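Novice: When the count follows my numbering, it moves up by one through the sequence shown with no breaks and lands on 97 for the last residue.
Take this structure first; my questions come after.
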Amino acid sequence: MGELPMITDEVVHNVRDQAVVRASLDGALEDLLRAAVEVGPEPYEVSCARIDAAFDRRMVPHQQLGWATDAAAMLKRTLKQGLRQYRSKNEGSKTQGS
């Protein structure tokens with residue numbers, strides 16, 4: 000078997016950095032989700048603008064992490080699509096109920 004790498008201050012520092020990045024990404028994704036589910040009596044475009052603003056604000060620090068930005072962008076698209084489907088479904092049931 001090969002030698003195990005030594006755990007140095009640099010490795011510990013990198014682990015801390017990773018934890019900070021993960022916590023920040025978690026917060027960014029929470030903000031995206033929150034922006035999508037705070038559905039009020041507003042047009043779809045307004046909700047999308049709120050989602051876009053949350054994405055832009057929270058993902059700026061992570062631009063160098065392509066995988067994280069790509070995953071968050073996919074979540075953003077999925078949230079918007081779900082919001083559109085939810086709204087059209089509710090509009091359809093309101094029309095049928097009238």
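Each residue gets a CB set at the ideal place from its N, CA and C atoms; glycine is no exception.
Quantities reported herein were computed from a predicted structural model and do not represent experimental measurements.
When you compare only the Cα positions, how much space is there between V36 and A67?
Specialist: Walking along the sequence shown from the start, residue 36 turns up at place 37. Walking along the sequence shown from the start, residue 67 turns up at place 68. Rounded to whole angstroms, V36 to A67 spans 21 Å at the Cα level.
Novice: Using only CA atoms, which one of H61, E41, R49 lies nearest to A22?
Specialist: One-based indexing of the sequence shown puts residue 22 at position 23. Shortest Cα-Cα distance from A22 to any of H61, E41, R49 involves H61.
Novice: Between the Cα of G81 and those of Y43, V19, E29, spot the shortest distance and give me the residue it belongs to.
Specialist: Residue 81 sits at position 82 when you count from the first residue of the sequence shown. Comparing Cα positions, the closest option is Y43.
Novice: Using DSSP with H/G/I as helix, E/B as strand and the rest coil, what is C47?
Specialist: Position 48 of the sequence shown, counted from the start, is the residue given in the question as residue 47. Correct three-state label for C47: helix.
Novice: Does P60 come out as helix, strand or coil in the three-state DSSP assignment?
Specialist: As a first step, residue 60 must be located in the sequence shown, where it is residue number 61. Note: P60 maps to helix in three-state DSSP.
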